[in-house]
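Working notes, structure below.
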Amino acid sequence: FGAGCRPCCKMRAVPWGFNAQLEARPPAAGWYSTADMLSRLALATALFCYCLATQPLRLARFALQYNRLWHGGFTGTAMTLLLPVTPAVLAAIAWGERLKQFVMREDEWDPRFGEEPCIWYQPPPSKAAAIIYDAFRPLADWVAAFVLFGDNRVAIDHTIRDTICTKEYWYGLLDGVGARRPLQLGSWDGHALRDVGRGVESGGCDLVCKISDSYLGIGDLVFKRGVDFATRGDIEAALRGDARYAGRPAVLCEMVQPCAGLEASVSSDGYSAVHL
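Count along the sequence shown from 1, add 460, and you get the number used in the numbering used here.
What follows is the structure, given as structure tokens:
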């Protein structure tokens, strides 16, 4: 994100550092237990307090940008004025959303996804742990973003929408060093489909369509050759009829799958074929 974007904390070999994460063992009460959630919330709160005490001005600049981006201009500004009690504010917002879902009997939804709930953001099964989790998750995201890139505007924008680190950006880096990747056969500009290389009608592989600025498989579409499409027009018609792709660029690549007999060793429950 440029020279102005640098980690806010010096990397040190600490007991809770990267190596400790690699060797993590379940706590006595188990992962996602009430005790585990309390521990995580305490760590996130302690990190927030450390950042507030050591870099108050930079934290305030970050908070204003991040809060306005995620919560709107008026609400975000008001949240920033309450900076010292940010953990409590974020918890109150999360609990309010949870209460709304309960009262309105709505399915859980997260603005990062805009569609069905994702396994990455499912609360623990215990009600007590879930309440603590609701306070922990937004605070962890908030303070981790600050530690990673401080008040860099471009980086903050990327917490909700990629403008630089799109699929095309990563593909360009891979191509630049001669790395192998799934063959791209098409490109969607948000309104029309165009062929890339041999084109989408060539070959015998199914195709995966991925939104350029999306992640975690959000919005992915799989087109099975001979079932979902036979011509380029079939794919273009499907994309034009999908509201998620309106005005949003996407790439279409050959779907890569493991060799026969290896599926069980490279995949697991909860991960669809899109991610293979």
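From the three backbone atoms N, C-alpha and C, an ideal C-beta is built for every residue, glycine too.
query, result
"Simplified DSSP assignment, three categories, for Glu575", "Residue placement at Glu575 is poorly supported in this model, since its pLDDT is 49, which falls under 50; the coordinates still yield a value, given next. The answer is coil: DSSP assigns Glu575 none of H, G, I, E or B."
"Cβ-based neighbour list, Arg704, same chain, cut-off 6 Å, excluding 5 preceding and 5 following", "Gly679"
"Beta-carbon proximity list for Leu676, same chain, < 6 Å, skipping 5 on both sides", "none"
"Spatially closest choice to Asn612 from Leu699, Gln717 and Arg518, by CA coordinates", "Arg518"
"Spatial neighbours of Thr494 in its chain, beta-carbon cut-off 7 Å, leaving aside the 5 residues before and after", "Ser586, Ala588, Ala589 and Ile592"
"Extent of the continuous beta strand (DSSP E) to which Gln561 belongs", "Gln561 -> not in any beta strand (DSSP E); alpha helix (DSSP H) instead, spanning Thr546 to Met564."
"Whole-number beta carbon distance between Ile620 and Leu712, since they are thought to touch under 8 Å", "Rounded, the Cβ-Cβ distance is 25 Å, inconsistent with contact."
"Contact the segment 550-565 vs the segment 593-602: 3+ CB pairs below 8 Å", "yes"
"Rounded Cβ spacing between Leu645 and Glu696 (contact assumed at less than 8 Å)", "The Cβ separation is near 13 Å, so there is no contact."
"In DSSP terms, what Leu524 is bridged to", "Partner(s): none; Leu524 has no beta bridge."
"Beta-carbon proximity check, Leu671 vs Arg708, cutoff 8 Å", "Checking the sequence shown, residue 671 turns out to be Ile, not Leu. Yes, the Cβ-Cβ distance between Ile671 and Arg708 is below 8 Å."
"Cβ contact check for the segment 630-637 and the segment 531-543: 3 or more pairs under 8 Å", "no"
"Buried or exposed (CB count within 10 angstroms, at least 16 for buried), Cys719", "exposed"
"Three-way DSSP call (helix, strand, coil) for Cys665 in this model", "coil"
"8 Å CB neighbourhood of Gly659 in its chain, flanking five on each side removed", "Leu645, Gly646 and Arg692"
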